[in-house]
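Trainee: Pasting a structure here, questions to come.
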Ligand code: BG6
């Protein structure tokens, strides 16, 4: 279903027969909403989000490509989140997601403007699908279409903003004892302690070589988000907390209490593609009542 979103921007609404839904803006191929079959919103979207190019939308799932973060020649988090994507009418077959009837295929290619800063030809195909149980699945396929034998490298993240009832009641399981780079301490490398992560101040860490499954447990809502990922070894955990929240124009002062970013990513070791090669990175999100997960 196609319609106009905020400021007349094009968006696609996906609806699954049991009632779950998702909304995707063509601007940024940005998922801004994911609701379960009770109509409850599962993603955080700032009340101050700016839906106006070239600003990226604050919340949902921004795509960071071809550069995660600000270390590199490109603007922070690359340009994919600030470009108008197209509907991919003729996508090559996706082996997975075949059960889903609610999906959209989007495509982004090299533009003249982007090739000035990133001189490579690429085709980025993104399928966004809702599974029968309301799971949200994003599959990225990025192909090097350079003609002159030139490889390219990129870093990547699905910058997912989860909606949580109260950040101080949230636990993240799956990242304990892992090494991470701390963005708040010059990207120095540390090792996480053995307990599930909890939150009481600003956090901006890149966990390395993470498992394919990470759980975000929201006690108050009795809900657990399960993040499953493939091709994405790293995981960023970010919450700006109060001071940084105040400094961001497109983020409410107290909104940090109600969000947590857990981002499936490939950062430490950039992905390199030779001409003709394709990389695939998959994210699958589910939201389940916490009791389902006890003992896991
Ligand atoms: C996170 C980064 O992924 O994104 C943070 O680790 C950054 O350092 C945050 O502040 C938000 O970035 P932006 O560009 O959307 O404000």
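Residue numbers (UniProt numbering): 18 to 313. Virtual Cβ for every residue (Gly too), placed ideally from N, Cα, C. Every value quoted in this text rests on a predicted model; they were computed, and no experiment measured them.
1) What is the DSSP secondary structure of residue 94, reduced to helix, strand or coil?
2) What would DSSP say about residue 258, mapped onto helix, strand or coil?
3) Could you check what DSSP says for residue 138 in three-state terms: helix, strand or coil?
4) Grouping DSSP H, G and I as helix and E and B as strand, with all else coil, what is residue 203?
5) Near residue 247, what residues of its chain come up, given a Cβ to Cβ distance below 6 Å and the 5 sequence neighbours on each side ignored?
6) Considering residue 281, what are the terminal residues of the beta strand (DSSP E) in which it resides?
7) Please classify residue 52 as buried or exposed, where buried requires at least 16 neighbouring CB atoms within 10 angstroms.
8) Going by CA-CA distance only, name the one from 262, 59 and 93 that's closest to residue 182.
9) What ranges does the alpha helix (DSSP H) occupy inside the segment 116-183, keeping only unbroken runs of at least 4 residues that lie completely in it?
10) With a threshold of 16 other CB atoms inside 10 Å of the CB of residue 55, please say whether the residue is buried or exposed.
11) Could you check the C-alpha separation between residue 27 and residue 74 for me, to the nearest Å?
12) Is the beta carbon of residue 259 within less than 7 Å of some heavy atom of ligand 1?
13) As a quick exercise: from 104, 124, 95 and 105, pick the residue whose alpha carbon is nearest that of residue 132.
14) So which of 202, 209 and 226 has the shortest CA-CA distance to residue 252?
15) Do you know offhand how far residue 138's Cα is from residue 63's?
16) Who does residue 233 pair with in a DSSP beta bridge?
17) Starting from residue 47 and walking both ways along the beta strand (DSSP E), at which residues does that stretch end?
18) Could you tell me the distance, in whole angstroms, from the CA atom of residue 100 to the CA atom of residue 130?
19) Tell me the rounded alpha-carbon separation between residue 69 and residue 102.
20) Excluding the 5 residues flanking residue 312 on each side, which residues of the same chain have their C-beta closer than 6 Å to its C-beta?
21) Examine ligand 1 and report whether any of its heavy atoms sits within less than 7 Å of the Cβ of residue 48.
22) Helix, strand or coil for residue 220 per DSSP?
23) Is residue 200 close to ligand 1? I mean its beta-carbon at under 7 Å from any heavy atom of the ligand.
24) Report all residues from its chain with a CB closer than 8 Å to the CB of residue 280; omit the five preceding and five following residues, and keep chain order.
25) Just grab the DSSP bridge partners of residue 40 for me.
26) Applying the criterion that 16 or more other CB atoms from any shown protein chain within 10 Å of the CB defines a buried residue, is residue 211 buried or exposed?
27) Within a Cβ cutoff of 6 Å, which residues of the same chain sit near residue 316, ignoring the five residues on either side of it in sequence?
28) For the putative contact between residue 288 and residue 171, defined by C-beta atoms under 8 Å, what is the C-beta separation to the nearest angstrom?
Mentor: So, from the listed chains and residues:
1) Walking along the chain shown from the start, residue 94 turns up at place 77. DSSP places residue 94 in coil when its eight states are reduced to three.
2) Taking the chain shown and counting its residues from 1, the one referred to as residue 258 is at position 241. Three-state result, residue 258: helix.
3) Locating residue 138 in the chain shown gives position 121, where the first residue counts as 1. Reduced to three states, the DSSP call for residue 138 is coil.
4) If you number the chain shown from 1, residue 203 lands on position 186. Of the three classes helix, strand and coil, the one that applies to residue 203 here is coil, per DSSP.
5) One-based indexing of the chain shown puts residue 247 at position 230. Excluding residues within five positions, the ones whose Cβ falls inside 6 Å are 299.
6) Reading the chain shown from its first residue, position 264 is the one you call residue 281. Start and end: 276-290.
7) Here residue 52 corresponds to residue number 35 of the chain shown, with the count starting at 1. Buried.
8) In the chain shown, residue 182 corresponds to position 165, counting from 1. Nearest C-alpha to residue 182: 59.
9) 129-134
10) Locating residue 55 in the chain shown gives position 38, where the first residue counts as 1. Exposed, because fewer than 16 other Cβ atoms sit within 10 Å of the Cβ of residue 55.
11) Position 10 of the chain shown, counted from the start, is the residue given in the question as residue 27. Position 57 of the chain shown, counted from the start, is the residue given in the question as residue 74. C-alpha separation (whole angstroms): 14 Å.
12) As a first step, residue 259 must be located in the chain shown, where it is residue number 242. The answer is no for residue 259.
13) Here residue 132 refers to the residue found at position 115 of the chain shown. Minimum Cα distance to residue 132 is reached at 95.
14) Walking along the chain shown from the start, residue 252 turns up at place 235. It is 226.
15) Your numbering for residue 138 matches position 121 in the chain shown. Your numbering for residue 63 matches position 46 in the chain shown. About 34 Å.
16) Taking the first residue of the chain shown as position 1, residue 233 is located at position 216. Residue 233 is bridged to 189 and 242.
17) Here the question's residue 47 lines up with position 30 in the chain shown. Unbroken beta strand (DSSP E) run through residue 47: 47-52.
18) On the chain shown, position 83 is the one that residue 100 refers to. On the chain shown, position 113 is the one that residue 130 refers to. In a straight line, the C-alpha of residue 100 is about 11 Å away from that of residue 130.
19) Translated into the one-based positions of the chain shown, residue 69 becomes position 52. Translated into the one-based positions of the chain shown, residue 102 becomes position 85. Going by the C-alpha atoms only, they are around 15 Å apart.
20) What you label residue 312 is simply residue 295 of the chain shown in a count that begins at 1. Confidence at residue 312 is low in this model, with a pLDDT of 46, below 50, so the placement of that residue is unreliable and no value is reported for it.
21) As a working note, residue 48 is residue 31 in the chain shown. No.
22) Start at 1 with the first residue of the chain shown, and residue 220 comes out as number 203. Of the three classes helix, strand and coil, the one that applies to residue 220 here is strand, per DSSP.
23) Locating residue 200 in the chain shown gives position 183, where the first residue counts as 1. Yes.
24) Against the chain shown, residue 280 aligns to sequence position 263. Excluding residues within five positions, the ones whose Cβ falls inside 8 Å are 81, 174, 175, 176, 177, 252, 253, 254 and 255.
25) By 1-based counting over the chain shown, the position of residue 40 is 23. Its beta-bridge partners are 30 and 50.
26) As a first step, residue 211 is located in the chain shown; it is residue number 194 there, counting from the start. By the 10 Å Cβ count, residue 211 comes out exposed.
27) What is shown of the chain runs 18 to 313, which leaves residue 316 out entirely.
28) Start at 1 with the first residue of the chain shown, and residue 288 comes out as number 271. Start at 1 with the first residue of the chain shown, and residue 171 comes out as number 154. Yes, residue 288 and residue 171 are in contact; Cβ-Cβ is about 6 Å, under 8 Å.
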